[in-house]
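Take a look at the structure below.
There are 2 protein chains.
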Amino acid sequence: MYAPLQNDTFIRACLGQATEHTPVWLMRQAGRYLPEYRATRAKAGSFMGLATNTDFATEVTLQPLERYALDAAILFSDILTVPDAMGLGLSFATGEGPKFANPVRDEAAVDKLAVPDMGKLRYVFDAVTSIRKALNGRVPLIGFSGSPWTLACYMVEGAGSDDYRLVKTMLYSRPDLMHRMLQINADAVALYLNTQIEAGAQAVMIFDSWGGVLADGAFQSFSMAYTARVLAQLKREHQGVRIPRIVFTKGGGLWLEEMGALDCDVLGLDWTVNLGRARQLVGHKKALQGNIDPNVLFANAPQIEAEVAKVLQSFGTPHQGGGTGPTHVFNLGHGISQYTPPENVAVLVEAVHAQSRHMRK
Amino acid sequence: MYAPLQNDTFIRACLGQATEHTPVWLMRQAGRYLPEYRATRAKAGSFMGLATNTDFATEVTLQPLERYALDAAILFSDILTVPDAMGLGLSFATGEGPKFANPVRDEAAVDKLAVPDMGKLRYVFDAVTSIRKALNGRVPLIGFSGSPWTLACYMVEGAGSDDYRLVKTMLYSRPDLMHRMLQINADAVALYLNTQIEAGAQAVMIFDSWGGVLADGAFQSFSMAYTARVLAQLKREHQGVRIPRIVFTKGGGLWLEEMGALDCDVLGLDWTVNLGRARQLVGHKKALQGNIDPNVLFANAPQIEAEVAKVLQSFGTPHQGGGTGPTHVFNLGHGISQYTPPENVAVLVEAVHAQSRHMRK
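So the protein lines, in turn, are chains H and E. Residues 1144 to 1504 (this note's numbering) make up the first sequence, in order. Residues 1144 to 1504 (this note's numbering) make up the second sequence, in order.
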């Protein structure tokens, strides 16, 4: 059905297999820092107009690949599509973040929640299939979802938050309600990701963007346990091909050792984590993805190259022989800033490829 | 000059000495969640009107002690007084955070920076002396400052930030400028805290509120190194009495072992850190302060008591014999929310005292 993969460096590194260079892709690589993205978005009229239109979503997903030798593409979509399909009414006001018209703040609202009909998310699966075809085997396509806890944050807060007061109030005062919501979210996310895999996604990533705001103990019970519930339901392969599973908890560095027990292939790390130490803790069990500070991209070329070197050297030389071993997927520690000069991304991608090839010699 | 200390539980715990209960105070304990604070602030007209008026600052500092059996008072002030005295023009617009009229964004602006004349901060030292007198030995008074890095964040950004783009751009592209600014900040903070000690502060705390946004490596060079530079200049005692020094890095849990080498008495921890693990790592060298999630205060009384128990049990029984050993100062992991019901703070403080007394039996 699809063209064979020409560059499988990313997939191999995810699965702990040797590669000739360290693969690199960037969270939010199809985004506002690219003038061609802004042009397509202007045509689409709005963020959701862009995400729900198969042609536009395909166009913007491929844009960064035209500029940079990235080793993976990631579906252009939003982490909040699932609660939108649950009927919460997602919108994006200009200059602001996402908003839900119907936040979930009491038992009656939780009672109404259910795993949504995947038909309501058909625009996502259509985009996956369209992008996979358009990629034509160039690089693999990553599908994704927000984690159950991260979805719950937005579902309760109704928008972004700087203190997570409402969602944590529910967590501490009505843990029973929170657990019910998280179970539904986990089952919905698992179904959503499996349907993305059937539609053509060659790897999947769970973004636990707000796991790091939880207290020790609460993280394990309210975030990690439900990420595990998603992973337990995910397809390991599709049509005989392995589908790597990536978990990224922003601010989760303190729980890395515990996350080593998750049934996934890759752990994503933000820039606060020392990659060498992470490799010692979990590198024998998982590939590691990350973790340069996106603000490095505001420096000049020699400084970007020096910071790339620090990250690569911190991980050390990846596994190079037969079988599997510690491997590294280079990425930012968070989404790329909309203010990033596009030419600096080229410097970063080239530095990762050149330096990581050199390290293997 | 001052009345003798009647309750020195906090000071003893800071210094690793045995206490009959775990002392407790709360970051931002004199704040907007208290109706009496809001009344005084209304009289003062503005936040800085409150902070610069000795009588008002004394009044609000003592307010939470009237309601709760807290074991320490903390100077009512702001972490940004030092850059204000450097001429950056601090203001607080209603409903917004702090703002600087003259942010520091280029070499010319850094060239103009210098350790400010402490005369410009006289309102702070007058408040310290006035509060110390008004406390009349009831509990000790903590003085404080922002850390060199945290001050630099505000000085460059000119306000709060969610991505620290401007300050990190300077850090990555002009590390020389950033180091110059941080040296000046460190020397200014040291002088500021020493002058607070001379004015009557019985302990001092360095708030590294934004240390946790730095990448591994950058934290050590741009935050911790300058906290160390402050500590190296701080008075260890005043008039023959030891002055405990507390360092709190929000989001710094990953660097706890390295922070164990800092020349201070106490490390403050946020709620992401497992206290038991922290005790294993650094408890033999430092007292630990923290770390309940302030959002616990939105639950009801039995749940607050249960969460207090978790934090106390996570630390375990503190040192109880002669000499010094692992000790715990109970606190929130961050400032108290303005939306906190005041009666819930009473539940927390009583639970800490009662449960920690019980644990020692």
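Glycine is no exception: its CB is placed at the ideal position from the N, C-alpha and C atoms.
Once you ignore the five residues that flank residue i on each side, which residues in its own chain have a CB closer than 7 Å to its CB?
i: residue 1320 of chain E; result: 1250, 1253 and 1313
i: residue 1459 of chain E; result: 1419 and 1422
i: residue 1258 of chain E; result: 1327, 1330, 1331 and 1334
i: residue 1498 of chain H; result: 1451, 1452 and 1455
i: residue 1379 of chain H; result: 1385 and 1386
i: residue 1149 of chain E; result: 1280 and 1281
i: residue 1227 of chain H; result: 1233
i: residue 1297 of chain H; result: 1223, 1226, 1241 and 1243
i: residue 1172 of chain H; result: 1207, 1213, 1217 and 1479
Starting from the beta carbon of residue i, find every residue of chain E whose beta carbon is closer than 9 Å, and list them in chain order.
i: residue 1188 of chain H; result: Here the premise fails: no neighbours, minimum Cβ distance about 26 Å.
i: residue 1439 of chain H; result: 1311, 1315 and 1358
Nearest by alpha-carbon distance to residue i: which of the options is it?
i: residue 1162 of chain E; options: E/1468, E/1185 and E/1289; result: E/1468
i: residue 1360 of chain E; options: H/1452, H/1355 and H/1479; result: H/1452
i: residue 1213 of chain E; options: E/1232, E/1302, E/1181 and E/1164; result: E/1164
i: residue 1247 of chain H; options: H/1266, H/1435 and H/1294; result: H/1294
i: residue 1256 of chain E; options: E/1331, E/1499 and E/1308; result: E/1331
i: residue 1282 of chain H; options: H/1258, H/1494 and H/1211; result: H/1211
i: residue 1376 of chain H; options: H/1355, H/1405 and H/1395; result: H/1405
i: residue 1272 of chain H; options: H/1442, H/1167 and H/1342; result: H/1342
i: residue 1177 of chain E; options: E/1500, E/1497, E/1481 and E/1325; result: E/1481
i: residue 1502 of chain H; options: H/1457, H/1489, H/1484 and H/1198; result: H/1457
i: residue 1391 of chain E; options: E/1409, E/1495 and E/1174; result: E/1409
i: residue 1137 of chain H; options: E/1264, E/1289, E/1316 and E/1160; result: Outside the displayed span of chain H (1144 to 1504) sits residue 1137 of chain H, for which this structure offers no information.
i: residue 1300 of chain E; options: E/1242, E/1323, E/1291 and E/1275; result: E/1242
i: residue 1237 of chain E; options: E/1190, E/1228, E/1265 and E/1381; result: E/1190
i: residue 1383 of chain E; options: E/1345, E/1398 and E/1411; result: E/1345
i: residue 1394 of chain E; options: E/1411, E/1379 and E/1175; result: E/1411
i: residue 1487 of chain E; options: E/1464, E/1445 and E/1465; result: E/1445
i: residue 1479 of chain H; options: H/1443, H/1437 and H/1464; result: H/1437
i: residue 1466 of chain H; options: H/1144, H/1156, H/1442 and H/1149; result: H/1156
i: residue 1489 of chain E; options: E/1441, E/1203 and E/1365; result: E/1441
So which residues of chain E does residue i contact, with C-beta pairs closer than 7 Å?
i: residue 1396 of chain H; result: 1397
i: residue 1453 of chain H; result: 1360
Cβ closer than 7 Å: which chain H residues qualify as neighbours of residue i?
i: residue 1480 of chain E; result: 1306 and 1308
i: residue 1393 of chain E; result: None at all; the shortest Cβ gap to chain H is about 11 Å.
Could you round the C-beta distance between residue i and residue j to whole angstroms and report it? I think they count as a contact, below 8 Å.
i: residue 1270 of chain E; j: residue 1234 of chain E; result: Actually they are not in contact, since the Cβ atoms of residue 1270 of chain E and residue 1234 of chain E sit about 19 Å apart, beyond 8 Å.
i: residue 1285 of chain H; j: residue 1368 of chain H; result: The pair is not a contact, with the Cβ atoms about 24 Å apart (cut-off 8 Å).
i: residue 1183 of chain E; j: residue 1193 of chain E; result: 7 Å
i: residue 1399 of chain E; j: residue 1424 of chain E; result: 6 Å
i: residue 1167 of chain E; j: residue 1224 of chain E; result: About 26 Å; that fails the 8 Å criterion.
i: residue 1201 of chain H; j: residue 1277 of chain H; result: 5 Å
i: residue 1431 of chain H; j: residue 1471 of chain H; result: 6 Å
i: residue 1303 of chain H; j: residue 1350 of chain H; result: Actually they do not touch by this definition, with Cβ atoms about 14 Å apart.
Which chain H residues sit within Cβ distance under 8 Å of residue i?
i: residue 1448 of chain E; result: What residue 1448 of chain E touches in chain H: nothing, since even the nearest Cβ is about 12 Å away.
Cβ closer than 8 Å: which chain E residues qualify as neighbours of residue i?
i: residue 1444 of chain H; result: Here the premise fails: no neighbours, minimum Cβ distance about 11 Å.
i: residue 1301 of chain H; result: Under the 8 Å cutoff, chain E gives no residues; its nearest Cβ is about 16 Å from residue 1301 of chain H.
Which same chain residues end up closer than 8 Å to residue i when comparing Cβ atoms and leaving out the 5 residues on each side of it in sequence?
i: residue 1435 of chain H; result: 1414, 1450, 1451, 1454, 1473, 1474, 1475, 1476 and 1491
i: residue 1494 of chain H; result: 1447, 1448, 1451 and 1452
i: residue 1403 of chain H; result: 1410, 1424, 1425, 1428 and 1429
i: residue 1187 of chain H; result: 1193, 1196 and 1199
Note down, in chain order, each residue of its chain lying with its Cβ closer than 6 Å to the Cβ of residue i, except the 5 sequence neighbours on either side.
i: residue 1347 of chain E; result: 1286, 1336 and 1388
i: residue 1396 of chain E; result: 1415 and 1416
i: residue 1356 of chain H; result: 1307
i: residue 1426 of chain H; result: 1469
i: residue 1217 of chain E; result: 1285
i: residue 1496 of chain E; result: 1164
i: residue 1245 of chain E; result: 1231 and 1232
i: residue 1381 of chain H; result: 1340
i: residue 1222 of chain E; result: 1289 and 1350
Between residue i and chain C, is the shortest Cβ-Cβ distance under 9 Å, so that the two count as touching?
i: residue 1174 of chain H; result: No chain C is present in this structure, whose protein chains are H and E.
Against chain H, which members of the region 1241-1271 of chain E pass a CB distance test of less than 7 Å?
Along the region 1241-1271 of chain E, none of the residues has a CB nearer than 7 Å to a CB of chain H.
Residues, ordered as in the chain, of the region 1401-1435 of chain H that lie near chain E by beta-carbon distance below 7 Å:
Going along the region 1401-1435 of chain H in chain order, one finds 1414, 1415, 1416 and 1417 with a Cβ nearer than 7 Å to chain E.
To be precise: take each residue of the region 1330-1359 of chain H, compare its Cβ to all Cβ atoms of chain E, and keep it if any distance is under 9 Å. Which residues remain?
Result list: 1355, 1356, 1357, 1358 and 1359.
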